[in-house]
Amino acid sequence: MFTTLHFILPHSFPSNTPFSLLAVPPQGAHMCVRAPLFLSSSSSSMARKRVILSTRSSSNVVMLLIVVVFLHFVVSLGEPGGEADSLLKFKESLKNADKLSNWDRAKGPCDGDHEIWTGVLCEKGYVWGLKLESIGLSGIVDVDALSTMQNLRTISIMNNAFEGTLPNIAKLGALKTVYFSNNKFSGEIPAAAFSGMSSLKKLHLENNMLSGPIPAVLAELPRLMELNLENNQLTGPIPNFQLDRLKIFNFSSNKLSGQIPPSLSNANGSSFSGNEGLCGAPLQPCAAEKGGSSGPPVAIIAGVAVVVVVVLIVIVIVMSSLRKKTSQASNQAAAATGQAQNKDATARSLDRMEQGRASPAPSSSSSPDHNSKQNVKLTFLREGGEQFDLPDLLKASAEVLGSGIFGSTYKAGLPSGKMMVVKRFKHMNTVSKEEFNEHMRRLGRLSHPNVLPVVAFYYRKEEKLLVADFAHNLSLATQLHGKRSRKRPPMDWPTRLNIVKGVGKGLQYLYNELPSLTAPHGHLKSSNVLLDTAFKPVLTDYALIPIVNQEHAQRNMISYKSPEFKESRKINKKTDIWSFGVLILEILTGRFPALQQSSGTDADLVAWVEAALKKEGDAQAPVVFDADMGGTNNAHGEMMKLLKIGLNCCQADTETRPEMKEVVDKIDEIKEKDGDDDFYSSYTSDGDMRSSRGLSDDFKTINV
1 MFTTLHFILP HSFPSNTPFS LLAVPPQGAH MCVRAPLFLS SSSSSMARKR
51 VILSTRSSSN VVMLLIVVVF LHFVVSLGEP GGEADSLLKF KESLKNADKL
101 SNWDRAKGPC DGDHEIWTGV LCEKGYVWGL KLESIGLSGI VDVDALSTMQ
151 NLRTISIMNN AFEGTLPNIA KLGALKTVYF SNNKFSGEIP AAAFSGMSSL
201 KKLHLENNML SGPIPAVLAE LPRLMELNLE NNQLTGPIPN FQLDRLKIFN
251 FSSNKLSGQI PPSLSNANGS SFSGNEGLCG APLQPCAAEK GGSSGPPVAI
301 IAGVAVVVVV VLIVIVIVMS SLRKKTSQAS NQAAAATGQA QNKDATARSL
351 DRMEQGRASP APSSSSSPDH NSKQNVKLTF LREGGEQFDL PDLLKASAEV
401 LGSGIFGSTY KAGLPSGKMM VVKRFKHMNT VSKEEFNEHM RRLGRLSHPN
451 VLPVVAFYYR KEEKLLVADF AHNLSLATQL HGKRSRKRPP MDWPTRLNIV
501 KGVGKGLQYL YNELPSLTAP HGHLKSSNVL LDTAFKPVLT DYALIPIVNQ
551 EHAQRNMISY KSPEFKESRK INKKTDIWSF GVLILEILTG RFPALQQSSG
601 TDADLVAWVE AALKKEGDAQ APVVFDADMG GTNNAHGEMM KLLKIGLNCC
651 QADTETRPEM KEVVDKIDEI KEKDGDDDFY SSYTSDGDMR SSRGLSDDFK
701 TINV
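Using the UniProt record's numbering, read the sequence shown as starting at 1 and increasing by one per residue.
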């Protein structure tokens with residue numbers, strides 16, 4: 001684009017007379033600034049004004065030329081033609097950009113609010129966002145080419161194949177949202193890459209290969225609300241983020257270490273799981289914290305040792321006369337010592353298992369009395385299944401699956417090849433051994449296709465183990481929010497509907513079989529719904545409220561996030577129905593409820609769905625459905641029915657919430673296809689389906 005300068009000469013001026021722009025122009029000459037044809041009307045009008053040059057002062061001419069060049073520069077910066085040039089230059093650095101073949105300079109990227117080029121988001125003729133998701137791109141993210149685009153506010157290159165270090169995003173200082181997740185970026189996160197980005201609200205870098213420390217500059221960004229760094233190889237401590245500002249975050253599945261900042265200590269433990277070096281609330285206490293409380297046990301042990309020595313002296317003195325009794329007493333003492341050794345060895349084995357290492361079980365040499373081993377055996381709850389001992393379990397190779405709000409979970413392989421899941425609980429209440437055993441036997445009597453049975457348990461005063469079968473397809477949360485691949489494609493509508501039906505039937509069964517419990521499940525969320533290879537759902541971590549430390553439960557369990565508990569500090573029979581409603585919305589929208597990200601937050605997902613329906617009405621409802629969900633043709637009517645059932649379950653007033661049986665009956669009536677194939681056909685218009693989870697201001701963050 002060029003701004004043209006025209007001299008309008010008088011008729012009497014000789015055509016062969018030379019003159020210079022920096023000298024006095026010819027007598028009677030006028031200069032006209034003429035803007036390009038494609039400038040805006042206001043800019044063109046301004047630029048077309050004639051400026052009659054004074055012939056008395058050459059300095060006026062020089063000053064005018066400077067003003068003209070400056071105006072030309074300012075106008076060219078913000079015009080759509082400049083954006084097209086920037087985007088085409090950006091495209092030159094990309095590989096496998098076949099799907100961007102319609103990026104044509106002759107057409108331009110936008111026509112008002114309508115996008116002409118693939119992957120651009122337009123408003124009033126300008127490009128405000130790039131949505132280049134899941135199209136196989138690689139190469140270099142040329143932020144220098146985009147730095148002249150003053151209206152650019154969001155960029156998403158999720159689910160591509162970009163490699164190398166992260167680009168210097170700080171050059172795009174006006175960005176509000178950045179989605180670089182599910183690529184192959186590696187190396188450290190440069191501190192300068194995000195320095196000074198005062199407008200940045202959401203940053204998603206999960207599922208890459210980033211290493212090194214988390215830059216402290218991220219904790220200094222004044223408007224950052226979402227940060228997802230899950231499933232990388234980051235090391236070192238977590239910077240001191242402020243929870244009042246950072247609402248949604250996930251640091252899980254890295255190599256982070258050190259104490260979790262106190263400002264994040266009230267968050268859900270799943271946001272930090274998979275980092276063996278992390279400690280402090282909401283995970284296990286750090287070594288320093290444990291050391292501070294180790295004084296009394298050491299004193300007790302020392303006292304016991306003194307008593308033992310005194311007893312031995314007495315025994316030696318009377319040995320000659322009480323040879324038989326001494327022998328019996330000695331055997332009893334040896335048995336007690338063996339029992340203590342077994343328990344200590346068991347605890348050490350569990351600690352090694354929690355760290356993901358194989359651990360030998362207590363051997364016979366450490367158990368002087370064979371009967372003492374009975375005290376460290378598992379208690380089985382079902383007949384006819386494979387029987388194994390705790391030493392067999394401790395000998396198994398272990399794989400840590402995560403660290404949740406109750407403790408660690410790991411997978412153990414038995415010698416027979418069968419895989420088991422072992423949950424180690426450290427936040428139980430002071431329930432007696434008899435009461436605990438009775439509650440476990442009660443759970444052991446449960447039998448339903450959608451409820452994962454507790455196979456066995458192990459009781460110690462300090463901790464408990466629950467053993468269950470391993471579900472080979474992992475959790476519903478992983479399927480909904482984990483990294484996509486050929487082996488783990490997005491779930492389609494029929495699969496999600498069947499999962500909802502299975503969860504509902506399992507929950508109703510718990511209501512029927514455990515009527516004395518206020519909340520038969522108590523902790524229903526997507527990470528506590530396991531899937532087998534056929535995607536049949538089974539519920540886990542149910543009916544734990546009676547045996548869990550109440551303070552810990554109220555701080556972390558899903559039932560205590562319900563509207564009724566916030567209002568009255570009590571849960572009731574319909575609390576699990578509320579949790580089920582939130583789960584239905586999560587399954588349909590593909591969004592992670594904020595209530596599972598940090599303690600004390602509201603059910604933002606419910607509010608978002610309600611607001612979307614209120615704003616757009618039922619005719620635009622598909623904008624709330626997961627864009628990755630296939631199999632939705634001729635199914636929008638049925639999907640709407642399920643969505644409204646979920647919202648009905650989430651009503652704040654428990655009196656208006658439906659009963660569990662009513663919910664299950666209504667869900668059973670929902671079909672995979674609408675009765676009328678033409679019903680809701682208007683849903684599939686381009687305008688309705690162009691929204692992106694990656695670019696929505698209400699986009700979730702992943703946490704399990």
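A virtual CB, placed ideally from N, CA and C, is assigned to each residue, including glycine.
These numbers were taken from a predicted model, which means no experiment stands behind them.
Item, Value
"For F249: DSSP bridge partner residues", "L227"
"Identified DSSP bridge partners for M209", "S186"
"Residue range of the alpha helix (DSSP H) that includes P537", "Looking at the DSSP string, P537 is not in any alpha helix (DSSP H); the run it does join, the beta strand (DSSP E), is 537 to 539."
"Beta carbon of L166 nearer than 8 Å to that of A193", "yes"
"Pick from G506, L94, G258, S147 that is closest to E83, judged by C-alpha positions", "S147"
"Contact the stretch 84 to 91 vs the stretch 103 to 111: 3+ CB pairs below 8 Å", "yes"
"Cβ contact (3+ pairs, closer than 8 Å) linking the stretch 471 to 479 and the stretch 634 to 643", "no"
"Under 8 Å between C-beta atoms of Y179 and S156", "yes"
"Residue of H636, P520, F580, R245 minimising C-alpha distance to residue 706", "Here the chain comprises residues numbered 1 to 704, so residue 706 is not present and cannot be evaluated."
"Sub-8 Å separation of M209 and K184 beta-carbons", "yes"
"Sub-8 Å separation of G269 and I405 beta-carbons", "yes"
"Own chain residues within Cβ distance below 6 Å of R245, not counting five before or after", "none"
"Minimum C-alpha distance to V141 - residue among L121, Q150, F162", "F162"
"Cβ-based neighbour list, M491, same chain, cut-off 8 Å, excluding 5 preceding and 5 following", "Q479, L480, I499, F535, M629"
"Boundaries of the alpha helix (DSSP H) in which I587 is found, first to last residue", "575 to 589"
"The stretch 418 to 436 / the stretch 455 to 473 touching (three or more Cβ pairs under 8 Å)", "yes"
"Contact under 8 Å by Cβ, S195 with E230", "no"
"S485 burial status per 10 Å Cβ neighbour count (16 or more: buried)", "exposed"
"Proximity below 8 Å, CB of I584 to CB of G502", "no"
"8 Å Cβ shell around E586 - same chain, five flanking residues per side excluded", "L480, S526, F592, P593, L605"
"Proximity to A187 [Cα-Cα], best of I214, P520, G385", "According to the sequence displayed, residue 187 carries Gly and not Ala. Closest option to G187, Cα to Cα, is I214."
"Among T118, G637, G407, nearest to A553 - alpha-carbon criterion", "G407"
"Rounded Cβ spacing between H523 and L510 (contact assumed at less than 8 Å)", "Not confirmed; about 12 Å, so no contact."
"Counted within 10 angstroms of its Cβ, other Cβ atoms place K574 as buried (16 or more) or exposed", "buried"
"Secondary structure of F565, DSSP reduced to three states", "helix"
"Alpha carbon of L531 to alpha carbon of K566, nearest angstrom", "31 Å"
"Close Cβ partners of D626 (< 7 Å) along its chain, the five nearest in sequence each way excluded", "L588, T589, G590"
"Among S134, E123, I135, nearest to N151 - alpha-carbon criterion", "E123"
"Sequence-distant residues of the same chain with beta carbon closer than 7 Å to A652, five excluded per side", "P563"
"Cβ separation of I135 and N160, assumed to be a contact under 8 Å, to the nearest whole Å", "7 Å"
"Test: W117 CB closer than 8 Å to a CB of chain B", "No chain B is present in this structure, which holds just one protein chain."
"Sequence-distant residues of its chain with Cβ nearer than 7 Å to Q233 (five each side left out)", "M209, L210, S211, N254, K255"
"Residues bridged to I155 [DSSP beta-bridge criterion]", "L130, V178"
"Among E513, M428, E463, the one whose alpha carbon lies nearest that of S447", "E513"
"The alpha helix (DSSP H) enclosing M640, as first and last residue numbers", "636 to 649"
"Q259 - partner residues in DSSP beta bridges", "C279"
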